[in-house]
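Okay, so here's the structure we're looking at.
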Amino acid sequence: MLVVGNWKMNLDLAAARQLSSALVSSLGRQDHVEVGICPPFVALDAVYSVLHGSGIRLGAQNMHEADNGAFTGEVSAPMLRAVGCHYVILGHSERRQFFVETDAGVSRKAVQARAHRLVPIVCVGESLPEREAEQHETVVQRQLRESLENVELNHASELVVAYEPVWAIGTGRTASPEQVEAMHGHIRRQLEHRFGRTIGAGIAILYGGSVKPDNAADLFDRPDVDGGLIGGASLKADDFLSIVQAARR
Ligand code: PEP
C-alpha cells in the first residue's frame, strides 16, 4: 500500500517543516505501507532534510519536460532529483484544468521523469458531465493510453497511477467504494494490456478525491486499490496519520 500527500499550494516553510517533523516522529519506518509527501517546490529541500533516513519519501507536484533552459518559472527533473525527490505527480486535474496540461504533455513529462529515475504518479479521472454521460471508462482509457505513450518500464515500481475523479477532488464528495472498485479494475486491465501481465499487475493504483480518516478504510479494502493520493486531509498530521493507519490494516 502507498499513501501520498499532495500539499498543493499550502503551508509556508515553517509549517512544512513542522508537519513533516510530526509525520517522521509518528511514522518512522513503515512496514508494508509506503508513505510519500509532495510539498510545494520551495519547501522540497527543507522537507527532505527532515525526511532523510525516515522512510517517508519526497515528491514534487509537477515538473517541466526539459532538463534545463529558458522556461521561466519551471523546474526540471534533474533539479527535483538533486533535492531528494523520489516521486513526481504528473497531470493532476488542477494542472489539466488551470494550466492546460494535455495527455501528450503528461506523456513527455513521464518519459523525462523515468529518464531521471523519478517515479511519476500519473493522474487520470473524469469530470462530472463525463461520469453522468457514462463516458468515464472511455475517458480514463484514453487518458491512460495517451499519458503513458512512450513510457517504458522495467519494473512495476517505476510508475504509479492515481484515479482521481474530478468531481470528487476537494469537494467532500467521494466516489463510492463500488465506483472506485469498478474503475480500478478497468485501469488494471489497461495497465496489463499496456505493460504486460507481470508489470501491469504490480503497478500501484491510488484513489484520490476527498479521502478522509472516516472513509479511507472502506476505499482501501477494495481490490486493485493500492492506496491513496490525499489532498486536504494530508495537511493535518492527525488526519493523514489516520489514513496511513487505515492503509496498514
Ligand atoms: C488531490 O488533490 O489529489 C486530492 C485528492 O484532493 P482532496 O483529497 O482534497 O480531494
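Just add 237 to the spot in the sequence shown (first one is 1) and you have my numbering.
Heads up, the beta-carbon is just placed ideally off N, CA and C, and yes, glycines get one too.
- Considering only T309, V241 and T435, the residue with the shortest C-alpha distance to S257 is V241.
- An exposed status is given to G310, since fewer than 16 other beta-carbon atoms sit within 10 Å of its beta-carbon.
- For the pair S364 and S330, the Cα-to-Cα distance works out to about 9 Å.
- Approximately 4 Å separates the beta-carbon atoms of V343 and G328; this is inside 8 Å, confirming the contact.
- The beta carbon of L250 sits no closer than 8 Å to any heavy atom of ligand 1.
- Using a cutoff of 8 Å, the CB of V448 counts as near ligand 1, since one of the ligand's heavy atoms is closer than that.
- It is roughly 8 Å from the alpha-carbon of R486 to the alpha-carbon of A454.
- Note on geometry: alpha-carbon atoms of S286 and N243 lie some 18 Å from one another.
- The continuous beta strand (DSSP E) containing H323 extends over residues C322 to L327.
- When C-beta atoms of the region 424-433 are compared with those of the region 469-482, fewer than three pairs fall below 8 Å, so the two segments do not count as touching.
- In the three-state reduction of the DSSP assignment, P414 falls in the helix class, which pools H, G and I.
- Taken through DSSP and simplified to helix, strand or coil, I358 comes out as strand.
- The DSSP-derived three-state label of L396 is coil.
- For T408, the closest alpha carbon among the candidates L396, T435 and G446 is that of G446.
- Excluding sequence positions up to five before and after W404, its CB lies within less than 6 Å of the CB of L365, all in the same chain and listed in chain order.
- Looking at N391, Y324 and A352, the one whose alpha-carbon comes closest to that of V397 is Y324.
- L385: not part of any beta strand (DSSP E); DSSP gives it neither H nor E.
- One Cα belongs to S313, the other to I442, and the distance between them is close to 25 Å.
- Distance from the CA of E415 to the CA of Q482, rounded to the nearest whole angstrom, comes to 22 Å.
- By the Cβ neighbour-count rule, M300 is buried, with 16 or more other Cβ atoms within 10 Å of its own.
- Distances from the alpha-carbon of F278 to those of H353, V272 and I326 put I326 closest.
- By alpha-carbon distance to L248, the top candidate from L264, G292, L281 and D340 is L281.
- Taking the Cβ atoms as the reference, E383 lies roughly 12 Å from K346, outside the contact range of under 8 Å.
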